[in-house]
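In what follows, a structure is listed as structure tokens, so that the remarks can point back to it.
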Amino acid sequence: MSGADIAPDGRARRGRDRRARVWRAPAGLARAPRDQAPTTAVVGGGLAGLAAATALAERGVRVTLYEREYQLGGRLAGWPIELADGSTATMTRGFHAFFRQYYNLRGLLRRVDPGLTMMTGLPDYPLRHSTGFQDSFAKVPRTPPWSALGFAARSPTFGWRDLARMNARAALPLMDVRVPGIYRRLDRISAQELLARIRFPPAAHHLAFEVFSRSFFADPRRLSAAELALMFHIYFLGSSEGLLFDVPQEPFPAALWEPLAIYLDAHGVDIRTGHAVENVEPAQAGGFHVTTRDSEMRHDTVVLALDTAGLRHVVARSPRLGAPDWRDRIARLTTAPPFLVSRLWLDRPVSCDRPGFLGTSGYGPLDNVSVLERWDGEALRRVARTGGSVVELHAYAVERTAHRTAVQEQLKDQLRRLYPETRDAEIVDERHEWRADCPLFAVGGYHDRPTVRTTDPALTVAGDLVRIGLPAALMERAVTSGFLAANALLERWGLAGQTLWSVPDRGRTPALRVLNRLAGT
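Residue 211 in full-length UniProt numbering sits at position 211 of the sequence shown, with consecutive numbering throughout.
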């Protein structure tokens, strides 16, 4: 990348998309005077909390970062385990793709690795259906509209008759996605209903679009069509960064969070892992009392950067926090169904032509398969030492009443069906992580979600569950909301904020934008 790709603050970079949008932060002092530095409690050490803590600490704010777990990273945390053979490994909550349009997430990581040398790109994002259909994004053009046309032309799930039967009028909202307008238009129907209206061919529906919708950990029958439309815009129809992505070359703690913790410590952040915040109450003299099981401290301001259950818990135990309507909306927030990450250490390798990551459809509860030694240094070193493979299996949106052991066995059975060479492999060890803490972007639920700002200017909220005015989703939404929460506080103190980037905030084709506006009237 050239110097022209560096944002004004020197952190975020635009990437290859010349239409990416820059969101400039309010100007102000570069740093708070040392003897007048305000204090902030950042509650939550996931992506949103780390972004908020970073932006605040860089401006001289005295930050205390509270995290319930003993590791940073939230849903990207990792922890050491001992395997059956006595060796050690790092267990995580599963594979995450760092797409090239995650400008603000990548900007956060550049604090500790300016060249992002900890990342490596995977050559493809293949999708396979049990009927034999397979799609690939490796050779699809990255710039819209050629990306959509190229995908349709190369995909075995699209035929010319299928394209002729599609409802172009129903598809127009996908061609001009804007926030929050797309929610006003599509939030009250499901992702599945939107695809039915457009009349996507069934094979394409299952292979490509259901795989995408399930990346929100939700069944497409319950997922807001607005979220699906936003996702199409971010990853496919609105950005020229494409659908290929990078992954860390080492487990998350070593690659990301340990270096960032050192960076935050150097900026004076008091990192308190293993400290769950129980309540946050306004102080009589201003600010807030933040209470954990072991301590109580007063802070001038607070950033609540929690997952859905954590936010509900803290707000419920803090009866004087926030306005009644805000508290009611927080109480109504829900989580997506459970998901499973199964990691298997096998005594023999999978075939050398297996991709590092494969999305699947039609294989029971199995949603994707990763072969970790294709990029993960820890797994590669183990395989070089002992042979075998380290394979990870994901199941999203599992029924809450499902028998968990049975689902784990189904995943292994589907792996053997998908990769027959694993049928004779012995499982040296296995770990199964069940979680149910992702936000549910349910049909009609947009207006219940909190915004970054609250009625109290000293209290902000961050996380991927938060409504923001930028087109972003998943990890990028979490980081962006964290920076926005910090900016809201920095502006109060006359301090300079964090400049942000996003994919284009509208459709790329003027004619289609006009047609979409006419169709919506």
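Quick reminder that beta carbons are idealized off the backbone N, C-alpha and C, glycines included. For clarity, every value in this text was computed on a predicted model and none was experimentally measured.
Which residues DSSP lists as bridging residue i, in chain order
i	result
I427	L346
D246	F98, G121
S224	S190
L340	A395, W434
M297	V290
N104	None; N104 has no bridge partner.
G78	T92
Assigned exposure category for residue i - 16 Cβ within 10 Å defines buried
i	result
D85	exposed
W501	buried
V369	buried
Y68	What sits at residue 68 in the sequence shown is Arg, not Tyr. Buried: at least 16 other Cβ atoms inside 10 Å.
W375	buried
W257	buried
T521	With a pLDDT of 48 at T521, under the threshold of 50, the modelled position of that residue is not reliable, and the figure given next carries that caveat. So T521 counts as exposed.
N167	exposed
R476	Per the sequence shown, residue 476 should be read as Glu rather than Arg. Label assigned to E476: buried.
G356	buried
L149	exposed
I468	buried
V461	buried
E392	buried
V177	buried
I182	buried
R382	buried
H403	exposed
Contacting residues, own chain, Cβ-Cβ under 7 Å from residue i (five flanking each side not counted)
i	result
L243	Y125, F137, Y235, F236
R320	E281, P282
H289	E281, A283, E296, R298
A53	V42, V63, L65, L264, V269
Y396	R214, F217, F339, D367
R453	T460, A488
Y102	M475, E476
Residues near residue i in its chain [Cβ-Cβ closer than 6 Å; skip 5 each side]
i	result
E430	L344
R19	P504
H275	Y66, T292
R100	G15, E241
P8	Because the pLDDT of P8 is 39, which lies under 50, any placement of that residue in the model is unreliable, and the number read from its coordinates should be weighed accordingly. Contacts found: T499.
R199	R165, M166, N167
Rounded Cβ spacing between residue i and residue j (contact assumed at less than 8 Å)
i	j	result
L269	V63	Here residue 269 is Val; the residue named in the question, Leu, does not match the sequence. Sure, about 5 Å apart at Cβ, within 8 Å.
W326	P156	Not quite, the Cβ-Cβ distance comes to about 49 Å (not below 8 Å), so this is no contact.
G46	G78	Actually they do not touch by this definition, with Cβ atoms about 13 Å apart.
A97	V61	Their Cβ separation, rounded to whole angstroms, is 32 Å, which puts A97 and V61 out of contact at 8 Å.
P365	V398	6 Å
G507	V341	Rounded, the Cβ-Cβ distance is 36 Å, inconsistent with contact.
V303	G49	7 Å
N516	P173	6 Å
M175	T509	7 Å
Any chain C beta carbon closer than 7 Å to residue i
i	result
T451	Among the protein chains of the structure shown there is no chain C, as only one such chain exists.
Same chain only: Cβ atoms within 8 Å of residue i, ignoring 5 sequence neighbours per side
i	result
E331	Reading off the sequence, residue 331 comes out as Ala, not Glu. The answer, listed in chain order, is R312, V315, A316.
R111	R11, T54, L260, Y263
G3	Caution applies to G3, whose pLDDT of 30 falls short of 50 and renders its modelled position unreliable; the model cannot decide the point.
Distance cut-off 6 Å: residue i Cβ against heavy atoms of the ligand MN
i	result
G310	This structure lacks the ligand MN, and indeed carries no ligand of any kind.
Quick check: the stretch 412 to 427 against the stretch 342 to 354, are there 3 or more CB pairs under 8 Å?
Flag = yes, the stretch 412 to 427 and the stretch 342 to 354 touch.
Check: When the Cβ atoms of the stretch 82 to 96 are set against those of the stretch 295 to 303, are three or more pairs found closer than 8 Å?
Finding: Counting C-beta pairs closer than 8 Å gives fewer than three between the stretch 82 to 96 and the stretch 295 to 303, which falls short of the contact rule.
query = Taking contact to mean at least 3 C-beta pairs separated by less than 8 Å, is the stretch 323 to 341 in contact with the stretch 434 to 445?
reply = Judged by Cβ distances under 8 Å, the stretch 323 to 341 makes contact with the stretch 434 to 445, as three or more pairs qualify.
Could you tell me whether the stretch 28 to 39 touches the stretch 491 to 498, where touching means 3 or more Cβ pairs closer than 8 Å? Under the three-pair Cβ rule at 8 Å, the stretch 28 to 39 counts as touching the stretch 491 to 498.
- Query: Are the stretch 176 to 196 and the stretch 216 to 233 touching by the rule of at least three beta carbon pairs closer than 8 Å?
  - Reply: The stretch 176 to 196, when compared against the stretch 216 to 233, does touch it at the 8 Å Cβ threshold.
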